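119 is the number of the first residue of the sequence shown in our numbering; add one for each residue after it.
For each residue, glycine too, the CB sits at the ideal point set by N, CA and C.
Small disclaimer: the values here were computed from a predicted structure and weren't measured.
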Amino acid sequence: MLILLTDAYPNRYMQAPFVIIAICALNLISWLFVFLLPDSPFVQTVTELLNRGDLLAAVLDMLVPEELFFLLINMMGLWAFGRRLEDVCGHGRFLAFFLACGLVANLISQTYFGSEWRLGISGAVFGLIGAYLLVFPKGRLNMYVWVRSRILFFRIRYEKEFIFSVWWLAIPMLMIQGFLAAVASAGFYMAHFGALIAGALIILMFLRPDAFARVRHRVPV
119 MLILLTDAYP NRYMQAPFVI IAICALNLIS WLFVFLLPDS PFVQTVTELL NRGDLLAAVL
179 DMLVPEELFF LLINMMGLWA FGRRLEDVCG HGRFLAFFLA CGLVANLISQ TYFGSEWRLG
239 ISGAVFGLIG AYLLVFPKGR LNMYVWVRSR ILFFRIRYEK EFIFSVWWLA IPMLMIQGFL
299 AAVASAGFYM AHFGALIAGA LIILMFLRPD AFARVRHRVP V
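See below:
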């Protein structure tokens, strides 16, 4: 069992990723409500809003996970790939970027699945992976690997092969989600990879001026 923990480098501009913490907290709280109080007025209202299929429903979809496994794996990806992205964007711009990636994935998903399929936060997380590839082409990731009841710690350094290594991490995560969700449609995978590509294409619009200059001149951020 492979658990991706976090990027090994420290933040440059700020101390804490408050937006990521807030998103994780909202997802956890909403899942607890759905799991513990499925018949409560709050859950019924949220369900009705999600079924509307409009812009508000697409945003809520990123904050109301359906399954605990999807919550955990997406929070893991959000923290690992999003912490330093929030640092180089700033809180407000990072939130806008995160929502944009999620909306792109949701739009592709709606095109293939209609209103019957909820993509959740995973599309936005794949947008973060695409942005991470562009902004941090070299890096180190801290990982925990659980093997035969033993937890091993690894620090993996990425150089030229970094882009292939992140794809190696992203593809299994996507395949696991598709398998557990019993989804084998091309639309499911296209929505996630569409968000990944969108994240790489639009991230420069959301960077701090200093971070943008560093990326432009290929200086480590």
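- With a beta-carbon spacing of about 6 Å, residue 217 and residue 177 fall inside the 8 Å limit used to define contacts.
- Note on residue 135: 16 or more other CB atoms within 10 angstroms of its CB, so buried under the neighbour-count rule.
- For residue 138, the enclosing alpha helix (DSSP H) covers residues 136–154.
- If you draw a straight line from the Cα of residue 212 to the Cα of residue 322, it is about 11 Å long.
- Residue 326 places its beta carbon less than 8 Å from that of residue 207.
- Per the coordinates, the alpha-carbon of residue 320 lies some 20 Å from the alpha-carbon of residue 307.
- Taking all protein chains in view, the Cβ of residue 223 is crowded by 16 or more other Cβ atoms within 10 Å, so the residue is classified as buried.
- The beta carbon of residue 203 sits closer than 8 Å to the beta carbons of 212, 215, 246, 249, 250, 253 and 321 from its chain, once the five residues preceding and following it are set aside; these are given in chain order.
- Sequence-distant partners of residue 174 (beyond 5 residues in either direction) whose C-beta falls short of 7 Å from its own C-beta, in its chain, are 167.
- Excluding sequence positions up to five before and after residue 180, its CB lies within less than 7 Å of the CB of 220, 238, 239 and 242, all in the same chain and listed in chain order.
- Apart from sequence neighbours up to five positions away, the residues of its chain that approach residue 192 with a beta-carbon distance below 6 Å are 239, 240 and 243, ordered along the chain.
- Residues of the same chain with a CB within less than 7 Å of the CB of residue 330, apart from the 5 flanking positions on each side, are 322 in chain order.
- Secondary structure at residue 193: helix, using DSSP grouped into helix, strand and coil.
- Bounds of the alpha helix (DSSP H) holding residue 333 are 327–334.
- DSSP places residue 166 inside the alpha helix (DSSP H), whose first and last residues are 159–168.
- Classified as exposed, residue 263 has fewer than 16 neighbouring CB atoms from the shown chains inside 10 Å of its CB.
- Residue range 240–253 is occupied by the alpha helix (DSSP H) that includes residue 244.
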